[in-house]
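Inspection log for the structure reproduced underneath, given as structure tokens.
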Amino acid sequence: MASLLKATLLLFGLMGLMTTSVAAQSESCVQSRTIGNWENPFAGNRSDLTKLEVRAICNDQTVPHIQIKAYTACAPRDCTWGRSIAHRFDDTSFQVSYRTFFAKRTVTVSINGKRMDAQVFDDYHDRRKPDEMRKFVLWKK
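Each residue of the sequence shown is one higher than the one before, starting from 485 at the first, in the numbering used here.
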């Protein structure tokens, strides 16, 4: 009877630890108003920023962070620069960089409600091509 009581107490103790661990993990997960899908309905030119997918990554294998997947106008469908980890400034802004075939592209964003202002700095690998700064407005979907 005593061993059954000990086993029951141990089981409830472990369940309590697991519940505390899950609660602590969800509290330590990234909180940001930038999380979600953001779209540029006015993208028309090739290489215009068409969409940003912003998501929080929270799991046991990594430190909680924000991951961004960037899409640009291409034909017949949008191209992607891939996924990259964002460097957050605060709850409403971040910066993220992508190394693409032609350039290092740095995207800096800030949001105001459902509007996201995005600045893309293209640092071209070919020194004959001048670097450029482009601005886009995206809306939360």
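Glycine included, each C-beta is placed from N, C-alpha and C at the ideal position.
Note that the structure is a prediction, hence the values are computed from the model and not measured.
| Item | Value |
| --- | --- |
| Using DSSP's beta-bridge definition, name the partner residues of HIS549. | ILE541 |
| Would you mind working out which of HIS609, ARG583, LYS535, CYS513 sits nearest ASP544, comparing C-alpha positions? | CYS513 |
| Express the C-alpha separation of CYS542 and HIS549 in angstroms, rounding to a whole number. | 7 Å |
| How many angstroms separate the CA atom of ASP610 from the CA atom of THR584? | 12 Å |
| What are the boundary residues of the beta strand (DSSP E) that PHE573 is part of? | 571-574 |
| Check whether the Cβ atoms of ILE552 and ALA570 sit closer than 7 Å, and answer yes or no. | yes |
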